[in-house]
Amino acid sequence: MVTFLPARPGRLADVPAFERTIGGAESNVACALAAAGHTAKWVSRVGADGFGDHLVEAIGSYGVDVRAVRRDPVRPTGIYFRTADDRAADGHEVLYYRAGSAASAMSPVNVPYRDLRGARILHLSGITAALSDDCLALMRDLVARPSPDHHPSPSRCAAPLPDGPGRPLVSFDVNYRPGLWRDAAGPRVLLDLARGADIVFVGEDEAEAAWGMRGAAAIRDALPEPDVLVVKLGRGGAVVMERADAAGEGFDGGDETATLVRPPTVDVVAPVGAGDAFAAGFLSATLRGLPVRDRIRHGHLMAAAVLTVPGDLTQPPARARADRLVALDDTGWGRLRLGPGWTGDDQEVRTP
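Everything in the sequence shown is counted per the numbering used here, starting at 34 for the first residue and increasing by one.
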């Protein structure tokens, strides 16, 4: 979507001007991964209008392959407006104008699965499932497991897509947005979709809002199927529950590990975009085969890069710089304090 950011804090009714930028959970992740040096492709639909032109050009400028984006000659590009404060804050407002949009017309019929072949990871969002019945059918198709006993792992992505060989590792960010769902079925739909994924990202707060669950253990009880479950705890960090053999030949009843990593101290400029950035950092480290602690730390660093700028996207730290910070011992990691400009190689990282 095209996103309109307010020129100042306050109610939407009181904001006199907005800045145009880009937004969208999946495209945010694709942009961050491409900026971090990975090959990323964005598969979607936009209108044959100026906003569609802007989206394709802006996302492509991050290095994302946008050749699979289809242009809809009838339906417009979606847009939304939001207030400047945190999504969880009292008075936060979001106005979506995406009913009947080009993206809402995505379906198993008009999204060729050949565009997804060859990928190591396919990242999906629960937001897309809320857009239309056709979008939901597409999502259900993409998370369908080929057989009950198949459990792909971060190092082996050999399962078939629903229409042929080459199924990638499926990553799913729950992204529960109550305002997008037309009925009360949304939470159950998201739970079912998450059960078909291999890696699942969910915030503890949204799990409580959607499913009435509190705590990583309760969420894991409801989602036993994914090989990797990432529960984001806000300022408390993130806990990853992973089957002990998830990096091997698939789950065969072995033990599970739970790893909690707290984030560094961050001088927040704007509290938006952190969830998508965290997912990008975690997936980037997954593609590199890094251990779970380092995957979580890379997620925190990517989130910190976005939290210290006004918008949803930014250039992440250079890989070598991020790797140096991730390799710190627990004391050094706990003393990190990241503020605006910290991602530049010439910037000092402060300690409290």
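Note that CB positions come from ideal geometry on N, CA and C, so glycine has one too.
From the DSSP secondary-structure annotation, give me the bridge partner or partners of A291.
Within the sequence shown, residue 291 is the residue found at index 258, counting from 1. A291 is bridged to M274.
Enumerate in chain order the residues of its own chain whose CB-to-CB distance from P350 is below 7 Å, with the five nearest sequence positions on each side excluded.
As a position in the sequence shown, residue 350 is number 317, starting the count at 1. Excluding positions up to five away in sequence, the list reads L334, A338 and T376.
With respect to the beta strand (DSSP E) encompassing T54, which residues constitute its N-terminal and C-terminal limits?
Here residue 54 refers to the residue found at position 21 of the sequence shown. Start and end: F51 to I55.
Can you give me the Cβ contacts of D98 inside the same chain, cut-off strictly under 6 Å, excluding the 5 residues immediately before and after it?
Mapped onto the sequence shown, residue 98 falls at position 65. So the qualifying residues of the chain are K74.
Note down the Cα distance separating V127 from G374, rounded to an integer number of angstroms.
Here residue 127 corresponds to residue number 94 of the sequence shown, with the count starting at 1. Here residue 374 corresponds to residue number 341 of the sequence shown, with the count starting at 1. Their Cα atoms are separated by approximately 28 Å.
Identify the continuous beta strand (DSSP E) that holds V203 and give its terminal residues.
Residue numbering aside, residue 203 sits at position 170 when the sequence shown is read from its first letter. Looking at the DSSP string, the run of the beta strand (DSSP E) that includes V203 is L202 to D206.
Relative to the C-alpha of V76, which candidate in R104, E52 and R328 has its C-alpha closest?
Residue 76 sits at position 43 when you count from the first residue of the sequence shown. Here the closest residue by C-alpha is R104.
In the DSSP assignment, the alpha helix (DSSP H) including R253 goes from what residue to what residue?
Reading the sequence shown from its first residue, position 220 is the one you call residue 253. It spans A249 to A255 - the alpha helix (DSSP H) in which R253 sits, taken as one unbroken run.
Determine the closest residue to A136 out of L369, M172 and G151, with distance taken between C-alpha atoms.
Looking up residue 136 in the sequence shown gives position 103. It is M172.
In angstroms with no decimal places, state the Cα-to-Cα distance between N61 and L157.
For this step, residue 61 is matched to residue 28 along the sequence shown. For this step, residue 157 is matched to residue 124 along the sequence shown. When rounded, the distance between both Cα atoms is 11 Å.
Round the Cβ separation of V79 and R53 to the nearest angstrom and send it over; I've been treating them as touching at under 8 Å.
Here residue 79 refers to the residue found at position 46 when the sequence shown is read from its first residue. Here residue 53 refers to the residue found at position 20 when the sequence shown is read from its first residue. With a Cβ gap of about 15 Å, V79 and R53 do not count as contacting.
Run through DSSP, which three-state label would P176 get?
Taking the sequence shown and counting its residues from 1, one reaches residue 176 at position 143. For the sequence presented, residue 176 should be read as Val rather than Pro. Helix at V176.
Would you identify the three-state DSSP class for G332, choosing helix, strand or coil?
Here residue 332 refers to the residue found at position 299 when the sequence shown is read from its first residue. Residue state, collapsed to three classes: helix.
Which class does E282 belong to by DSSP, given the choice of helix, strand or coil?
What you label residue 282 is simply residue 249 of the sequence shown in a count that begins at 1. Confidence at E282 is low in this model, with a pLDDT of 35, below 50, so its placement is unreliable and no value can be given for it.
Since A313 and A65 should fall inside the 8 Å C-beta cutoff, what is the C-beta to C-beta distance between them, to a whole number of angstroms?
The sequence position of residue 313 within the sequence shown is 280, counting from 1. The sequence position of residue 65 within the sequence shown is 32, counting from 1. Yes, they are in contact, since the Cβ atoms of A313 and A65 sit about 3 Å apart, within 8 Å.
Should G229 and R295 be called a contact, given that it needs their Cβ atoms to be closer than 8 Å?
Position 196 of the sequence shown, counted from the first residue, corresponds to residue 229. Position 262 of the sequence shown, counted from the first residue, corresponds to residue 295. In this structure, R295 does not lie closer than 8 Å to G229 by Cβ.
Can you grab the Cα-Cα spacing for the pair I154 / F315, in whole Å?
Your numbering for residue 154 matches position 121 in the sequence shown. Your numbering for residue 315 matches position 282 in the sequence shown. Each residue's alpha carbon lies about 12 Å from the other.
According to DSSP, is D123 part of a helix, a strand, or is it coil?
Against the sequence shown, residue 123 aligns to sequence position 90. In this structure, D123 counts as coil in the three-state DSSP scheme.
Residues in the same chain with beta-carbon distance under 6 Å from P201, minus the five sequence neighbours each way, listed in chain order, please.
As a working mapping, residue 201 is identified with position 168 in the sequence shown. Excluding residues within five positions, the ones whose Cβ falls inside 6 Å are A152, R153, I154, L155 and C190.
Taking the alpha-carbon of D82 as reference, which of T110, L266, F51 and I252 has the nearest alpha-carbon?
Numbered from 1 along the sequence shown, position 49 holds the residue referred to as residue 82. That would be T110, whose Cα lies nearest to the Cα of D82.
Going by alpha carbons, who is nearest to V261 out of A50, T292 and G133?
Working through the sequence shown from its first residue, we reach residue 261 at position 228. Closest by alpha carbon: T292.
Where does T36 sit, in a helix, a strand or coil, going by DSSP?
Taking the first residue of the sequence shown as 1, we reach residue 36 at position 3. Strand, per DSSP.
Measure the beta-carbon distance from T347 to L371 and round it to whole angstroms, keeping in mind my assumption that it falls under 8 Å.
Along the sequence shown, read from residue 1 onward, the residue named residue 347 stands at position 314. Along the sequence shown, read from residue 1 onward, the residue named residue 371 stands at position 338. That pair is no contact at about 12 Å.
Go through its chain and collect everything with a Cβ distance to G286's Cβ below 8 Å, but skip five positions before and after it.
If you number the sequence shown from 1, residue 286 lands on position 253. Low per-residue confidence applies at G286: pLDDT is 40, beneath 50, and the placement is therefore not dependable, though the value from the model is reported in the following sentence. Annotation for G286: no residue places its beta carbon closer than 8 Å to its own, counting only its chain and skipping 5 residues before and after.
Which one or two residues does DSSP pair with T298 in a beta bridge?
Taking the first residue of the sequence shown as position 1, residue 298 is located at position 265. Note: T298 sits in a beta bridge opposite R370.
Output the distance between the C-alpha atoms of A353 and D345, rounded to the nearest integer angstrom.
Locating residue 353 in the sequence shown gives position 320, where the first residue counts as 1. Locating residue 345 in the sequence shown gives position 312, where the first residue counts as 1. Between the alpha carbons of A353 and D345 lies a gap of roughly 23 Å.
Which residue wins for smallest C-alpha separation from R44, given the options D254, A69, H125 and V89?
Here residue 44 is taken as the residue at index 11 of the sequence shown, counted from 1. Comparing Cα-Cα distances from R44 to each of D254, A69, H125 and V89, the minimum goes to H125.
Alpha carbon to alpha carbon, what distance is there between R210 and I112?
Start at 1 with the first residue of the sequence shown, and residue 112 comes out as number 79. Start at 1 with the first residue of the sequence shown, and residue 210 comes out as number 177. Roughly 15 Å between the two C-alpha positions.
Could I get the ranges of all uninterrupted beta strand (DSSP E) runs contained in the stretch 92-151, with 3 residues as the minimum, in chain order?
103-105, 112-115 and 127-130
Just to confirm my understanding: we take A170, look at its own chain, exclude 5 residues before and 5 after, and list those with CB closer than 8 Å. What are they?
Position 137 of the sequence shown, counted from the start, is the residue given in the question as residue 170. For A170, where only same-chain residues beyond five positions count, the Cβ hits under 8 Å are S140 and P141.
Secondary structure at V12, three-state DSSP: helix, strand or coil?
Residue 12 cannot be examined here, being either before or after the span of the chain that is shown, 34 to 385.
Only counting the same chain, and skipping five residues up and downstream in sequence, which positions put a Cβ closer than 6 Å to that of A336?
The residue you call residue 336 lines up with position 303 of the sequence shown. These residues qualify, in order along the chain: A307, A310 and F311.
Shortest alpha-carbon distance to I92 belongs to which of V144, A67 and T116?
Along the sequence shown, read from residue 1 onward, the residue named residue 92 stands at position 59. With distances taken between Cα atoms, I92 lies closest to A67.
Report back the beta-carbon spacing between A271 and L223 to the nearest angstrom; my notes put them in contact at under 8 Å.
If you number the sequence shown from 1, residue 271 lands on position 238. If you number the sequence shown from 1, residue 223 lands on position 190. Incorrect: roughly 19 Å between the Cβ atoms, too far for contact.
May I ask which residues mark the beginning and end of the alpha helix (DSSP H) holding R78?
Mapped onto the sequence shown, residue 78 falls at position 45. It is not in any alpha helix (DSSP H) - R78 instead sits in the beta strand (DSSP E) that spans R78 to G80.
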